[in-house]
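UniProt numbering numbers the first residue of the sequence shown as 1 and each following residue consecutively.
Note that CB positions come from ideal geometry on N, CA and C, so glycine has one too.
Here is the structure we will look at, set down as structure tokens.
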Amino acid sequence: MLDRSVIVFIDDILIYSKNEGDHACHVREVLVIQRKEKLYAKFSKCAFWLREVQFLVHVVNPEGIMVDPAKVEMVMKWSLPKSPTEVRSFLGLAGYYRRIIQDFSKIVTPLTKLMKKDVKYEYGPNKEQAFSVLKEKLTQAPVLALPDGKDDFVVYADASRLGLGCVLIQRGREIAYASRQLKIHEANYPTHDLELAAMVFALKIWRHYLYGARSTIYTDHKSLKYFFEKKDFNKRLRRWLELIILPYE
Numbered sequence: 001m002l003d004r005s006v007i008v009f010i011d012d013i014l015i016y017s018k019n020e021g022d023h024a025c026h027v028r029e030v031l032v033i034q035r036k037e038k039l040y041a042k043f044s045k046c047a048f049w050l051r052e053v054q055f056l057v058h059v060v061n062p063e064g065i066m067v068d069p070a071k072v073e074m075v076m077k078w079s080l081p082k083s084p085t086e087v088r089s090f091l092g093l094a095g096y097y098r099r100i101i102q103d104f105s106k107i108v109t110p111l112t113k114l115m116k117k118d119v120k121y122e123y124g125p126n127k128e129q130a131f132s133v134l135k136e137k138l139t140q141a142p143v144l145a146l147p148d149g150k151d152d153f154v155v156y157a158d159a160s161r162l163g164l165g166c167v168l169i170q171r172g173r174e175i176a177y178a179s180r181q182l183k184i185h186e187a188n189y190p191t192h193d194l195e196l197a198a199m200v201f202a203l204k205i206w207r208h209y210l211y212g213a214r215s216t217i218y219t220d221h222k223s224l225k226y227f228f229e230k231k232d233f234n235k236r237l238r239r240w241l242e243l244i245i246l247p248y249e
């Protein structure tokens, strides 16, 4: 049931379904499991048969997943951070929306550098710009579609010296964004390896959507088309090749 009709986060349970008949079955299944495992829920804190719900600082309804206006308002009112602790608090709240904001990790790179212990805290123009851009992106965040079945997924993957980024699309609508900064050893990768790393990152993070499904992945680095014609691979590339080819179509 997990990630098919139920999402659990600590002590929060969200049951979702495509129609009323399925939902009645899903709710019953969850309640049966709770009774069997002696797990209890306070009835006054439960809500049933909702068409829209606030869950983990997101709003979910039949249209898709969007940012919670109340949380966005909190972010917009946040004043410029004056210490690494304030930066960490700001990114902790904004980070809940990394799957909705394209290139989130790249945008916040100047701010994350402020949290390093061996770096003097200097809030220059590039940090202020990152702070402002992130706020702006939150107010313009798209409504993400809910996945519908296992077909027609498209992944766009990209890489730069600032990090890896990708977007998952199904039938023309964005399902999720994902990004991360480069690890120390990845900074020395040649460009084509970085582009391949972005593909691998996307396949790993969205494995539950893409595994065993027919999907398309796009990258903007032409040299990667010769990757599959190579005969000699180092251990890292061989591991990536097995991940890309074997489980997916």
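Query, Result
"Alpha helix (DSSP H) segments (min. 4 residues) lying fully within the segment 173–206", "191–205"
"Per-residue burial, P69 [other beta carbons within 10 Å of its own, 16 or more giving buried]", "exposed"
"Candidates L164, L114, D151, S179, of which the one nearest G172 by Cα", "D151"
"Three-state class that DSSP yields for V155 in the structure shown", "strand"
"Of the residues L134, T85, K82, the one placed nearest T109, counting alpha carbons only", "L134"
"Span separating the alpha-carbon of I184 from that of I33", "44 Å"
"Three CB pairs or more closer than 8 Å across the segment 36–43 and the segment 114–121", "no"
"CB of F55 within 9 Å of CB of I7, strictly", "yes"
"Per-residue DSSP class, three states only, for Q54", "strand"
"Within-9 Å CB hit, K116 to chain C", "Given the protein chain composition of this structure (a single chain), no chain C is represented."
"Three-way DSSP call (helix, strand, coil) for M66 in this model", "strand"
"Spatially closest choice to M74 from A94, K82, F9, by CA coordinates", "A94"
"Cut-off 6 Å between Cβ atoms - residues of its own chain near W206, not counting five sequence neighbours on either side", "L168"
"Through-space distance from Y218 to E122, alpha-carbon basis", "39 Å"
"According to DSSP, residues forming a beta bridge with C166", "A157, A178"
"Proximity below 9 Å, CB of Q140 to CB of G163", "no"
"Spatial neighbours of G165 in its chain, beta-carbon cut-off 8 Å, leaving aside the 5 residues before and after", "Q102, D103, S105, K106, A157, D158, A159, Y177, A178, S179, A198"
"Assigned exposure category for V53 - 16 Cβ within 10 Å defines buried", "exposed"
"Closest by C-alpha distance to F9, when choosing among V57, E63, K137, K204", "V57"
"Backbone CA spacing between M66 and N126 [nearest angstrom]", "28 Å"
"Anticipated Cβ contact below 8 Å, E174 with L144, distance rounded", "5 Å"
"Residues that DSSP places opposite D12 in a beta bridge", "F9"
"Q170 and P147 closer than 9 Å at C-beta", "yes"
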